[in-house]
């Protein structure tokens with residue numbers, strides 16, 4: 075029973091941390107371009123100049 079005294083606050087803290095991370099990702103635009111990455115992987119990068 076005393077284990078729950080430690081585990082419940084830790085679980086609530088980790089859940090809140092995950093929720094805040096997800097909200098940060100939403101607000102910073104991480105999910106704006108869902109089709110860009112699959113399309114970029116299929117195109118050749120030969121047009122880019124060599125450094």
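Residue numbers (the numbering used here): 75 to 125. Beta carbons: idealized from backbone N, C-alpha and C, even for Gly.
Specify the secondary structure class of residue i as computed by DSSP and reduced to three states.
i, result
"residue 32", "Residue 32 lies beyond the residue range present for the chain, which begins at 75 and ends at 125; the question has no answer from this structure."
"residue 100", "helix"
"residue 120", "coil"
"residue 82", "helix"
If you drop the 5 nearest sequence neighbours on each side, which residues of the same chain put their C-beta closer than 7 Å to that of residue i?
i, result
"residue 92", "none"
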